[in-house]
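Numbered according to the working numbering, the sequence shown spans residues 266 to 825. Glycine included, every Cβ here is placed at the ideal spot set by N, Cα and C. Take a look at the structure below.
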Amino acid sequence: MKRRGYTILLTAVVAAMSLLTGCSKPDRSEEAAQLKNELQNILFSNPEKVLARVDSAQHAGVFTETTANLIRSNVYGRMGKTRLALFYGEQIKQSPELRSEGVNYYSALLQLTSLLNKNGEWGKAIHLADEIIADADQGGLDEQMALRIKSRALTNKASCEQNMGHLEEAERYYLEGIDLMMGVTQPKDYWIIDALVIAVIETTEFYLEQDMPQKALPMVEKADTAMARMARCPDMPEYFLNKRINNLTINQALTYAANGHFDKAEALYREHRQAPDLSPYDLIAEARYLTMAGRYYDAIRLFRKTDSLYLAQGSAINNAYIENYMMSQYKALKKAGRTGEAMAYADRMRHLSDSIHLEERKMDMEQQDVIRQKEAEITSRRHSLAIHRIIILSAIIIILLVGYLLVRARIYNKALEEKNRSLYQEIQQREKAEADELEALREKPAETLSQSQLLYRRLCELMQDPDVFTNPDTNQDTLASMAGTNRTYIYDALRECAGVTPTDFINGYRLRYAARLLATTSDSVALIAELCGLSRRTFYRLFDEAYSMSPSDYRKVAKK
Numbered sequence: 266m267k268r269r270g271y272t273i274l275l276t277a278v279v280a281a282m283s284l285l286t287g288c289s290k291p292d293r294s295e296e297a298a299q300l301k302n303e304l305q306n307i308l309f310s311n312p313e314k315v316l317a318r319v320d321s322a323q324h325a326g327v328f329t330e331t332t333a334n335l336i337r338s339n340v341y342g343r344m345g346k347t348r349l350a351l352f353y354g355e356q357i358k359q360s361p362e363l364r365s366e367g368v369n370y371y372s373a374l375l376q377l378t379s380l381l382n383k384n385g386e387w388g389k390a391i392h393l394a395d396e397i398i399a400d401a402d403q404g405g406l407d408e409q410m411a412l413r414i415k416s417r418a419l420t421n422k423a424s425c426e427q428n429m430g431h432l433e434e435a436e437r438y439y440l441e442g443i444d445l446m447m448g449v450t451q452p453k454d455y456w457i458i459d460a461l462v463i464a465v466i467e468t469t470e471f472y473l474e475q476d477m478p479q480k481a482l483p484m485v486e487k488a489d490t491a492m493a494r495m496a497r498c499p500d501m502p503e504y505f506l507n508k509r510i511n512n513l514t515i516n517q518a519l520t521y522a523a524n525g526h527f528d529k530a531e532a533l534y535r536e537h538r539q540a541p542d543l544s545p546y547d548l549i550a551e552a553r554y555l556t557m558a559g560r561y562y563d564a565i566r567l568f569r570k571t572d573s574l575y576l577a578q579g580s581a582i583n584n585a586y587i588e589n590y591m592m593s594q595y596k597a598l599k600k601a602g603r604t605g606e607a608m609a610y611a612d613r614m615r616h617l618s619d620s621i622h623l624e625e626r627k628m629d630m631e632q633q634d635v636i637r638q639k640e641a642e643i644t645s646r647r648h649s650l651a652i653h654r655i656i657i658l659s660a661i662i663i664i665l666l667v668g669y670l671l672v673r674a675r676i677y678n679k680a681l682e683e684k685n686r687s688l689y690q691e692i693q694q695r696e697k698a699e700a701d702e703l704e705a706l707r708e709k710p711a712e713t714l715s716q717s718q719l720l721y722r723r724l725c726e727l728m729q730d731p732d733v734f735t736n737p738d739t740n741q742d743t744l745a746s747m748a749g750t751n752r753t754y755i756y757d758a759l760r761e762c763a764g765v766t767p768t769d770f771i772n773g774y775r776l777r778y779a780a781r782l783l784a785t786t787s788d789s790v791a792l793i794a795e796l797c798g799l800s801r802r803t804f805y806r807l808f809d810e811a812y813s814m815s816p817s818d819y820r821k822v823a824k825k
């Protein structure tokens with residue numbers, strides 16, 4: 266263990282020292298390209314790490330300031346930190362030499378357009394989209410990639426016009442975005458034709474939102490065309506193809522349903538139900554379809570299931586969540602005539618919206634503080650060698666600290682794992698001994714047993730049925746009723762034969778049942794607690810008291 270720890274620390278030292286000498290390399294373009302690919306692979310899973318590595322790369326001279334800002338804008342945009350993303354995006358816009366980045370440069374500008382739209386700066390977003398469209402043909406891009414970039418700029422522009430209430434202009438730009446991509450019959454890459462898929466989906470949603478379902482019908486054929494072209498793309502990842510097919514299929518079902526063609530809509534809905542890897546977006550679209558079809562109760566159940574899935578994935582609770590998930594469920598409740606539930610749900614949305622607003626204000630202030638700091642850094646330039654060395658030294662300390670913490674964490678986790686394994690073995694032995702003792706009691710003739718032992722044996726037989734102890738209402742009186750006696754005899758029998766109270770006796774069966782589920786299923790802890798008849802908080806407390814470890818730790822050691 267110590268040797269491995271020293272190895273980690275030594276590696277950290279070597280990595281840190283490389284920062285001191287990295288700036289002296291005359292040409293680092295190949296290194297920069299390799300690092301960008303590495304960062305792309307961890308962008309979704311660990312954006313904070315990406316930002317830290319970008320900072321280090323810029324200080325070491327691997328990335329120029331403009332290249333680093335391009336990556337930062339993309340990362341902050343995906344993290345929902347709009348002000349910071351806009352700040353770095355504006356730095357890119359003011360650096361036209363970044364055109365040499367090609368696709369990455371225009372992708373960053375498209376992201377900036379979306380961020381401006383989201384931030385309500387529609388005029389600036391439209392102006393930037395126009396600049397992208399005018400500039401894409403002169404950016405040295407492949408013809409198909411230029412069409413993709415212009416199509417995405419047009420759909421972004423259409424979204425801005427829609428938000429401003431300019432519906433005719435929005436419709437025109439949506440259709441122009443589709444028409445551009447319809448000319449790409451043999452796409453070189455699936456990422457190119459994906460612009461057509463996005464344009465078709467967004468245009469369909471526009472027509473449905475504006476109560477113009479008949480205009481959405483031609484989008485069905487265009488969706489089929491988009492799917493066929495995407496399927497022909499070389500090196501097409503199956504997971505991505507399935508994702509887009511799912512999106513388009515339910516989109517078509519919504520279109521047919523909105524136009525009253527419920528036979529076609531139902532066929533597509535059923536096809537979609539059988540599809541693999543359905544995302545929360547797909548499921549919420551299914552629930553919207555069920556609402557259109559008048560199957561309100563099915564829709565509400567699916568809305569709630571999707572809501573649980575969305576939250577279980579750790580997805581962000583923001584205004585988009587309220588608009589796309591909660592508002593659709595609210596409409597279904599109203600149409601189902603469940604007015605009381607709808608009003609309560611509306612109150613919940615209002616409270617949640619207020620909370621989000623407060624959180625956004627807090628985040629906005631934090632981002633403004635960061636932006637002021639960055640602007641101060643840009644203004645001062647800090648070319649001093651002493652400051653440069655301070656920054657490098659800080660990076661070295663951080664790397665060493667991370668290495669040290671990794672070693673400490675590994676030692677702690679190893680010790681905890683060994684402790685839990687030992688506890689698990691003790692638990693198994695204890696439960697086997699209890700089972701053997703109960704089996705011996707069952708085999709004894711009735712005439713040799715006391716009244717308390719007979720009653721205790723009867724209670725154990727009743728508890729063989731999980732429906733008895735998983736019922737949250739089961740208590741001492743329930744056992745007395747089922748055993749045909751009174752609650753005092755129940756208490757005395759359990760105290761005499763098992764040394765426990767009726768409540769402990771019932772909870773013991775619940776916990777053993779939960780332990781089996783943890784070891785044999787992948788159900789969530791919250792679900793298992795509910796299946797055992799306990800609240801989540803009570804379940805965690807009782808489980809820890811009984812087994813001296815958390816349910817999650819028990820599952821880990823039980824499945825090894």
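Taking a 10 Å sphere around the C-beta of arginine 775, we find 16 or more other C-beta atoms and assign the residue as buried. Across the structure, arginine 626 and proline 312 are spaced so that their CA atoms are roughly 22 Å apart. Isoleucine 443 is positioned such that its CB atom lies closer than 8 Å to that of valine 465. Taking C-beta atoms as the reference points, isoleucine 793 and leucine 783 count as a pair closer than 8 Å.
Taking C-beta atoms under 8 Å as the contact rule, tyrosine 590 and isoleucine 549 qualify, at a distance of about 6 Å. Inclusion of asparagine 302 and leucine 375 in the CB contact set at 8 Å is not warranted, their separation being larger than that value. Secondary structure note for alanine 711: it is in no alpha helix (DSSP H), with a DSSP letter that is neither H nor E. Taking C-beta atoms as the reference points, alanine 518 and tyrosine 561 fail to come closer than 8 Å.
By the Cβ rule, the stretch 723 to 730 does not count as touching the stretch 690 to 699, because fewer than three pairs are nearer than 8 Å. With contacts defined by Cβ atoms closer than 8 Å, leucine 335 and tyrosine 370 form a contacting pair.
Here the alpha carbons of alanine 481 and asparagine 524 stand approximately 9 Å from one another.
Counting C-beta atoms within 10 angstroms of its own C-beta, serine 817 has fewer than 16 neighbours from the protein chains shown and is therefore classed as exposed. Looking from the CA of leucine 720, the closest CA among Cys797, Tyr754, Asp459, Asn740 belongs to Tyr754. Taking 8 Å as the cut-off, the beta carbon of valine 368 is found closer than this to the beta carbon of methionine 410.
Excluding residues up to 5 positions away in sequence, Leu706 lie with their Cβ nearer than 6 Å to the Cβ of arginine 722 in the same chain. Here the alpha carbon of threonine 450 sits roughly 18 Å from the alpha carbon of arginine 509. The Cβ atoms of phenylalanine 328 and alanine 350 do not sit closer than 8 Å to each other. When the alpha-carbon of lysine 487 is set against those of Gln475, Glu474, Met446, the nearest one is in Met446. For cysteine 725, the uninterrupted alpha helix (DSSP H) segment begins and ends at 716 to 727. Non-local beta-carbon contacts of serine 815 in its own chain, meaning distances under 8 Å to residues more than five positions away in sequence, involve Tyr805, Phe808, Asp809 in chain order. At least 8 Å separates the beta-carbon of glutamate 467 from that of tyrosine 438. Burial of alanine 564 is indicated by the presence of at least 16 other C-beta atoms within 10 angstroms of its C-beta. When DSSP assignments are scanned along the stretch 372 to 455, the uninterrupted stretches of alpha helix (DSSP H) that are 4 or more residues long and fall wholly within it turn out to be 387 to 401, 408 to 428, 432 to 447.
The C-beta distance from asparagine 384 to threonine 347 rounds to 5 Å, short enough to fall under 8 Å.
A direct Cα-Cα distance of roughly 23 Å separates glutamate 433 from arginine 413.
For the pair alanine 758 and arginine 802, the Cα-to-Cα distance works out to about 29 Å.
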